[in-house]
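These protein sequence lines map, in sequence, to chains C and U.
Just so we're aligned, residue 0 is where the first sequence starts under numbering that gives the first Met the number 0, counting upward by one.
Just so we're aligned, residue 0 is where the second sequence starts under numbering that gives the first Met the number 0, counting upward by one.
Glycine included, C-beta positions come from ideal geometry on N, C-alpha and C.
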Amino acid sequence: MSRWVAEGLGTQLDAFRLGPVDLDLRPGRAVAVLGASGAGKTTLLRTLAGFVRVREGRLLRDGTDITDWLPEERELGYVPQGLGLFANRTVEGNVRFPLEVRGRMDQAARTGELLERFHLTPLARRYPARLSGGEQQRVAIARALAAEPELIVWDEPWQALDVQARYELGLVFQELRETERVPVLVVTHDPALAFSLADTFLVLDHGRVRWQGDAPALLDHPSDPFVARFVGFENVYDRESLERGNPGQFRAWLRERAGSDGVAFSRPVVAGSGAGSGPWEGVVQSARPTPEGLAVSVVVDDLRVALRLAPPWTSPLPSVGDRLRFGMDDTRVHPLGSSFPQDRP
Amino acid sequence: MSAGVAPPRRRRVRTGPYWLALQLVLAGSLLLLFILPVVALFTYAPFSRILSAAGDPAVRAALWLTFFSSGIAVLAAVVFAIPLGYLLARRSFRGRSVVESLVALPVVVPHLLVGLGLFFLLVVPGTPLYRLTTALGLPVYDTIWGVVLVMVFVSAPYTVLASDLSFRAVDERVLEAARSLGAGSATVFLLVTLPLALRGIVAGLLLTWARAVSEIGGLLILAIYVLPGGPYNGPVTSTISVYIYSLFQGGDLADAAAVSSLFLLIAFVLFLLVRLGERSGWVPWRRGELGP
Numbered sequence: 000m001s002r003w004v005a006e007g008l009g010t011q012l013d014a015f016r017l018g019p020v021d022l023d024l025r026p027g028r029a030v031a032v033l034g035a036s037g038a039g040k041t042t043l044l045r046t047l048a049g050f051v052r053v054r055e056g057r058l059l060r061d062g063t064d065i066t067d068w069l070p071e072e073r074e075l076g077y078v079p080q081g082l083g084l085f086a087n088r089t090v091e092g093n094v095r096f097p098l099e100v101r102g103r104m105d106q107a108a109r110t111g112e113l114l115e116r117f118h119l120t121p122l123a124r125r126y127p128a129r130l131s132g133g134e135q136q137r138v139a140i141a142r143a144l145a146a147e148p149e150l151i152v153w154d155e156p157w158q159a160l161d162v163q164a165r166y167e168l169g170l171v172f173q174e175l176r177e178t179e180r181v182p183v184l185v186v187t188h189d190p191a192l193a194f195s196l197a198d199t200f201l202v203l204d205h206g207r208v209r210w211q212g213d214a215p216a217l218l219d220h221p222s223d224p225f226v227a228r229f230v231g232f233e234n235v236y237d238r239e240s241l242e243r244g245n246p247g248q249f250r251a252w253l254r255e256r257a258g259s260d261g262v263a264f265s266r267p268v269v270a271g272s273g274a275g276s277g278p279w280e281g282v283v284q285s286a287r288p289t290p291e292g293l294a295v296s297v298v299v300d301d302l303r304v305a306l307r308l309a310p311p312w313t314s315p316l317p318s319v320g321d322r323l324r325f326g327m328d329d330t331r332v333h334p335l336g337s338s339f340p341q342d343r344p
Numbered sequence: 000m001s002a003g004v005a006p007p008r009r010r011r012v013r014t015g016p017y018w019l020a021l022q023l024v025l026a027g028s029l030l031l032l033f034i035l036p037v038v039a040l041f042t043y044a045p046f047s048r049i050l051s052a053a054g055d056p057a058v059r060a061a062l063w064l065t066f067f068s069s070g071i072a073v074l075a076a077v078v079f080a081i082p083l084g085y086l087l088a089r090r091s092f093r094g095r096s097v098v099e100s101l102v103a104l105p106v107v108v109p110h111l112l113v114g115l116g117l118f119f120l121l122v123v124p125g126t127p128l129y130r131l132t133t134a135l136g137l138p139v140y141d142t143i144w145g146v147v148l149v150m151v152f153v154s155a156p157y158t159v160l161a162s163d164l165s166f167r168a169v170d171e172r173v174l175e176a177a178r179s180l181g182a183g184s185a186t187v188f189l190l191v192t193l194p195l196a197l198r199g200i201v202a203g204l205l206l207t208w209a210r211a212v213s214e215i216g217g218l219l220i221l222a223i224y225v226l227p228g229g230p231y232n233g234p235v236t237s238t239i240s241v242y243i244y245s246l247f248q249g250g251d252l253a254d255a256a257a258v259s260s261l262f263l264l265i266a267f268v269l270f271l272l273v274r275l276g277e278r279s280g281w282v283p284w285r286r287g288e289l290g291p
């Protein structure tokens, strides 16, 4: 399997500028490109796949400069949003397509093997329009693998999938990395799914890289409020909101721990019985049950804080206007405001 | 709202049946307009007369010429109009609007003008194209080449427009997936783009064919009679529309009605066969829509 490196890759589509982007995709690794709609995620994928002309930087495959190679020469399995299945071909015809265009002699055998592996054999003669979302995903991945790609880039793999199909897709990705060792790059706007798959993350915002690194680093040190919110921190305060307003003790405590851009922390956990314990006290604004516990929102020193009440709960559950105590240790609080990405590789 | 006092219930008028009736009346009126003239034709021409028209060598020659020349016109549309539609759908270039207007021109221009234009271009001795066609042995006046030229002029735009729309409707991402799977641009066109756009293109080709067989205006100037020559070596005849027109002009109303009815029957059966083929799924351009 190849190692793919993007060095300062940049492009422009009309008024939209993307880059510079640095990437290092090694065999068996998975990178998630995160970002809101319009951040440039799809453009980055299409640039890697060869559909958008590179304006600056270069793309290397095992040290060979392939920046100007045609899409069909790159040996890169690109799965676009919506999967790009051929509606006029059966499942079998879709999977056989890459073998057909290569004039491979073992078309039937290889297609049969892939259909079997992705549990598609009973569906072989169906057309894509008659498949469920999860089945279509399996066809897309089987078809991409038929070409024996050196890299798989997948735009929004989880889009429009139900929970079960997402779970199955997760297993497929896991298998890809373990057995095929194909590097995988996925684009998503859902951080939870990205964490379930990728070991490296790239957060894009308006075409610029806002953060890049592995999962522990990302969770430990989100660079700024945007990235912190994006990767799923529920309590994010920028510097400005910490500075203004009534300076109570909680606000002062946070301010001490904040970086130049503010501070972020995940939901502090409160025992599910009584009025809680800890140095801070908030007034309950809302409470709703979730699989992880009771999600409670309180206000302390004019700051809204999201808490989690761990089960088992004892009644009465907190209701609006109740007072609830909570605490957290320093290690859970992440200062925001590094000078990333300039000073990190 | 005060407690205990229920608001007066508004009686809901059921508009559904009226709405349906309105649709049926409007749609039915148009269908009547389509059907009644046909009924009139068949009433005027008894079935025995239609049968004898079918056996008449002169009618057969006219029918053969019409189907043969319109077949060549459809082939020409396949070769020239589909690429133009593809170009319009997939490339942006200067003067695009001009090209689009040019394509629409034959649809709006009275067809007598088309005949006249081609006449001045190719038939008046001394013009460069007259000399060229004569030198090549492809004279157009009163030959099958003239018929085909007029037919292509008036009918190919339907294939251009249909191909343009159909190629546009093919999702770019599907084509990118195909490229990335190792297919070059030409392979993607042949194996993916064309099959996916085929249904619309075939609809355009059907319109092209229909427009070609029904052409008369241009032919009245360029090829009222068609002499044997080129790929046509039958007797001197006309296309079926001109043939019927001359029967009518000659006051032969019953024959005009019989030949018209015969032609209508053939055209109807042909269209019906195509539609049935599409419904049954054995035609390649409907694959994937109907499931296994």
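Asked	Found
Span of the alpha helix (DSSP H), counted from its first residue to its last, around residue 285(C)	Careful: residue 285(C) lies outside any alpha helix (DSSP H), inside the beta strand (DSSP E) at 279-289.
Chain C within 8 Å of residue 180(U), Cβ atoms only	yes
Beta-carbon proximity of residue 306(C) to residue 297(C), cut-off 8 Å	yes
Of the residues 96(C), 88(C), 158(C), the one placed nearest residue 76(C), counting alpha carbons only	96(C)
Chain C contacts from the region 151-182 of chain U (Cβ-Cβ distance under 9 Å)	170, 171, 172, 173, 174, 175, 176, 177, 178, 179, 180, 181, 182
Min CB distance residue 192(U) to chain C below 8 Å	no
Neighbourhood of residue 187(U) by C-beta, 7 Å cutoff - its chain only, sequence neighbours within 5 removed	174, 177, 178
Contacts of residue 80(C) in chain U (Cβ-Cβ under 9 Å)	172
Neighbour list for residue 186(U) in chain C, Cβ cutoff strictly below 8 Å	100
Assumed close pair residue 54(C), residue 92(C) - CB separation to whole angstroms, cut-off 8 Å	Not confirmed; about 37 Å, so no contact.
Residue 187(C) and residue 157(C) closer than 8 Å at C-beta	yes
7 Å CB neighbourhood of residue 164(U) in its chain, flanking five on each side removed	199
Extent of the continuous alpha helix (DSSP H) run through residue 253(U)	252-279
Per-residue burial, residue 95(U) [other beta carbons within 10 Å of its own, 16 or more giving buried]	exposed
Residue 234(C) (DSSP reduced to helix, strand or coil)	strand
Contact between the region 111-127 of chain U and the region 214-234 of chain U (3+ Cβ pairs under 8 Å)	yes
is_contact[residue 195(U), chain C] using C-beta, thresh 8 Å	yes
Residues that residue 70(C) contacts on chain U, provided the C-beta gap is smaller than 8 Å	175, 178, 179
Nearest candidate by alpha-carbon position, reference residue 52(U), set 206(U), 278(U), 263(U)	263(U)
Backbone secondary structure at residue 132(C) - three-state DSSP	helix
Cβ of residue 60(C) within 8 Å of any chain U Cβ	no
Chain B contact for residue 103(C) (CB, 8 Å cutoff)	The structure shown contains no chain B; the protein chains it does contain are C and U.
Residues near residue 190(C) by beta carbon distance below 8 Å, same chain, minus five either side	33, 229, 230, 231
Sequence-distant residues of the same chain with beta carbon closer than 7 Å to residue 50(C), five excluded per side	70
Spatially closest choice to residue 140(U) from 160(U), 157(U), 118(U), 101(U), by CA coordinates	118(U)
Interface residues of chain U facing residue 85(C) [CB-CB closer than 9 Å]	173, 176, 177, 190, 191, 194, 195, 287
Neighbour flag for residue 97(C) against chain U, beta carbons, 8 Å	yes
Interface flag, residue 133(C) vs chain U, CB-CB below 8 Å	no
Test: residue 200(C) CB closer than 8 Å to a CB of chain U	no
Proximal residues, the region 285-316 of chain C versus chain U, C-beta separation under 9 Å	none
Cβ neighbours of residue 143(C) in the same chain (closer than 7 Å, five flanking residues each side left out)	76, 78, 151
Exposure label - residue 150(U); buried when at least 16 CB within 10 Å	buried
Cβ-Cβ distance between residue 126(U) and residue 229(U) below 8 Å	no
Per-residue contacts from residue 9(C) into chain U (C-beta, under 8 Å)	The premise fails here: residue 9(C) is roughly 20 Å from chain U at the closest Cβ pair, so nothing lies under 8 Å.
Boundaries of the alpha helix (DSSP H) in which residue 106(C) is found, first to last residue	106-116
Chain U within 8 Å of residue 77(C), Cβ atoms only	yes
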